[in-house]
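Just so you know, the sequences run in chain order A and B. Residues 1 to 161 in the numbering used here are what the first sequence spells out, letter by letter. Residues 162 to 322 in the numbering used here are what the second sequence spells out, letter by letter. Quick notes on the structure that follows.
Number of protein chains: 2
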Amino acid sequence: MRRSVGKQADPDLGMLTGRVLFNLQKELFETLARRGHPGLRPRHGAVMVYLDAEGSRATELSQQSGQHKQVISTLVDELTALGYVRREPDPQDRRAKLVVPTALGLDMMSTSDAIVAGIERRHAEELGEDVYAGFKRAFQRIAELQVAWRERIPGQATGEA
Amino acid sequence: MRRSVGKQADPDLGMLTGRVLFNLQKELFETLARRGHPGLRPRHGAVMVYLDAEGSRATELSQQSGQHKQVISTLVDELTALGYVRREPDPQDRRAKLVVPTALGLDMMSTSDAIVAGIERRHAEELGEDVYAGFKRAFQRIAELQVAWRERIPGQATGEA
Numbered sequence: 001m002r003r004s005v006g007k008q009a010d011p012d013l014g015m016l017t018g019r020v021l022f023n024l025q026k027e028l029f030e031t032l033a034r035r036g037h038p039g040l041r042p043r044h045g046a047v048m049v050y051l052d053a054e055g056s057r058a059t060e061l062s063q064q065s066g067q068h069k070q071v072i073s074t075l076v077d078e079l080t081a082l083g084y085v086r087r088e089p090d091p092q093d094r095r096a097k098l099v100v101p102t103a104l105g106l107d108m109m110s111t112s113d114a115i116v117a118g119i120e121r122r123h124a125e126e127l128g129e130d131v132y133a134g135f136k137r138a139f140q141r142i143a144e145l146q147v148a149w150r151e152r153i154p155g156q157a158t159g160e161a
Numbered sequence: 162m163r164r165s166v167g168k169q170a171d172p173d174l175g176m177l178t179g180r181v182l183f184n185l186q187k188e189l190f191e192t193l194a195r196r197g198h199p200g201l202r203p204r205h206g207a208v209m210v211y212l213d214a215e216g217s218r219a220t221e222l223s224q225q226s227g228q229h230k231q232v233i234s235t236l237v238d239e240l241t242a243l244g245y246v247r248r249e250p251d252p253q254d255r256r257a258k259l260v261v262p263t264a265l266g267l268d269m270m271s272t273s274d275a276i277v278a279g280i281e282r283r284h285a286e287e288l289g290e291d292v293y294a295g296f297k298r299a300f301q302r303i304a305e306l307q308v309a310w311r312e313r314i315p316g317q318a319t320g321e322a
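Have a look at this one:
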């Protein structure tokens, strides 16, 4: 059997995550565009997903998203230009800045959360609530195992060994 | 509760797919680098995953990966420069070209498939074979449902509506 045919019939974890993420982002950003947020791109997700209404530090956004601080800084610049966030002094640390959502940013955050929740509700209806809940539990466990694996084996994590 | 804290405790499907894909790619490409393939990057996955030993048409790679033909063409250029593939005339269609893996490309394909299979074996051992098999079935069903959803609702698929 051709390799590509075998893979279409029995996709590996990389293919499945890649496809599902690609299609989920496509639906999310197309729907956001129709609901008043046309300038956003999937790369902005690293900030959009974790941003707090009270404001977030860039270092927090970096840790939560797994993106380098420099990447987060560029994304915050773009989102500032698009009118979604602004940098404000952190009241708890005068030397630090907070990334704070504007009114447009708050609308985007709640709209985006509602779109993703709607997509997940659709999957749960199609698969059955129990099956979907089991899928989510297993997926979360896999995400945790990946982190534990990287922390357990320093050589694997750094590319040495 | 802060939005970010709630999301860490109960991650949505977009966060989970993003994290698991990011960590899987990190482990895959770091391991490939240690096994003689240091020049590859995650973006090359769109071609690497679907390439056949017998050669693949660029249009096939585009359909299978969901990437634009222009993107595939750029990736094939890069993989050609890295020594992984070459473009050859398609024996079945004189006007078409086939993307054919070199010996280095064939080694990369089997090494990459073995690394991903090893990662999945680890997950299956940690979760239990049955739980992991159920997870994969549900995941594949979700990937199919996304495609069916986009085909069913043309407005959603094209961003009109």
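Glycine included, every Cβ here is placed at the ideal spot set by N, Cα and C. Model, not experiment: these values are computed from the prediction.
| Item | Value |
| --- | --- |
| Beta-carbon of B/Pro172 versus every beta-carbon of chain A: anything under 9 Å? | yes |
| For the beta strand (DSSP E) containing B/Arg255, name the first residue and the last one. | 254-262 |
| Looking at B/Gly289 and A/Phe22, is the spacing between their C-beta atoms short of 9 Å? | no |
| A/Asp130 to A/Thr80, Cα distance in whole Å? | 41 Å |
| Determine the extent of the alpha helix (DSSP H) in which B/Arg302 is found, giving its start and end residues. | 290-313 |
| Determine the extent of the alpha helix (DSSP H) in which B/Asp238 is found, giving its start and end residues. | 230-242 |
| So, with DSSP's three-state summary, where would you put B/Asp274? | helix |
| Looking only at its own chain, which residues have a Cβ that is under 8 Å from the Cβ of A/Thr158, when we skip the five neighbours before and after it? | Below a pLDDT of 50, predicted positions are generally treated as unreliable, and A/Thr158, at 44, falls in that range; no measurement from the model is reported. |
| Check whether the segment 273-290 of chain B and the segment 233-251 of chain B touch, using three or more Cβ-Cβ pairs below 8 Å as the test. | no |
| List, in chain order, every chain B residue whose beta-carbon is nearer than 7 Å to that of A/Tyr50. | Ser165, Lys168 |
| Consult DSSP for A/Pro11 and reduce its assignment to one of helix, strand or coil. | coil |
| Could you tell me the alpha carbon to alpha carbon distance between A/Thr165 and A/Ser112, rounded to whole angstroms? | The question about residue 165 of chain A has no answer, for chain A in this structure spans 1 to 161. |
| Per DSSP, A/Val85 forms a beta bridge with which residues? | A/Pro101 |
| Going straight from the alpha carbon of A/Gln63 to that of B/Arg164, what length do you get? | 15 Å |
| Could you check the C-alpha separation between B/Ile276 and B/Asp268 for me, to the nearest Å? | 12 Å |
| Could you work out which residue in B/Leu306, B/Gln231, B/Lys187, B/Pro250 is closest to A/Arg121 when comparing CA atoms only? | B/Leu306 |
| Spatial neighbours of B/Asp323 within its chain, please: CB distance less than 8 Å, with the 5 preceding and 5 following residues excluded, ordered by chain position. | The requested residue 323 of chain B does not occur in the structure, where chain B is confined to residues 162 to 322. |
| So, for B/Pro203: in the same chain, excluding its five sequence neighbours on each side, which residues have a beta-carbon less than 7 Å away from its beta-carbon? | Gln186, Phe190 |
| I want to verify the contact list: residues of chain B whose CB lies under 7 Å from the CB of A/Thr17, in sequence order. | Thr178, Val181, Leu182, Leu185 |
| How about A/Ser73: is its C-beta nearer than 9 Å to some C-beta of chain B? | no |
| Considering Cα atoms alone, identify which of B/Ala278, B/Ala170, B/Glu221 is closest to A/Lys136. | B/Ala170 |
| Are the C-beta of A/Gly14 and some C-beta of chain B separated by less than 9 Å? | yes |
| Under 9 Å between C-beta atoms, does A/Arg86 make it to chain B? | no |
| Considering only C-alpha positions, which residue in the set A/His68, A/Arg94, A/Trp149, A/Met109 is nearest to A/Leu40? | A/Met109 |
| Can you tell me which of B/Gly266, B/Trp310, B/Glu286 puts its alpha carbon nearest to the alpha carbon of B/His198? | B/Gly266 |
| Shorter than 9 Å from the beta carbon of B/Gln301 to some beta carbon of chain A? | yes |
| Just how far apart, CA to CA, sit B/Gln253 and B/Glu221? | 14 Å |
| Identify, in the order they occur along the chain, each residue of the same chain with its Cβ nearer than 8 Å to the Cβ of A/Gly18, setting aside the five sequence neighbours on each side. | none |
| Could you confirm whether any beta carbon from chain A is found closer than 9 Å to the beta carbon of B/Lys297? | yes |
| According to DSSP, is B/Asp213 part of a helix, a strand, or is it coil? | coil |
| Measure the alpha-carbon distance for B/His284 versus A/Leu13 and round it to whole angstroms. | 10 Å |
| Is A/Arg41 helix, strand or coil when you go by DSSP? | coil |
| Assuming B/Leu177 and B/Ala207 are in contact, meaning their beta carbons sit under 8 Å apart, how far apart are those beta carbons, in whole angstroms? | Incorrect: roughly 21 Å between the Cβ atoms, too far for contact. |
| Quick check on DSSP: helix, strand or coil for B/Arg218? | coil |
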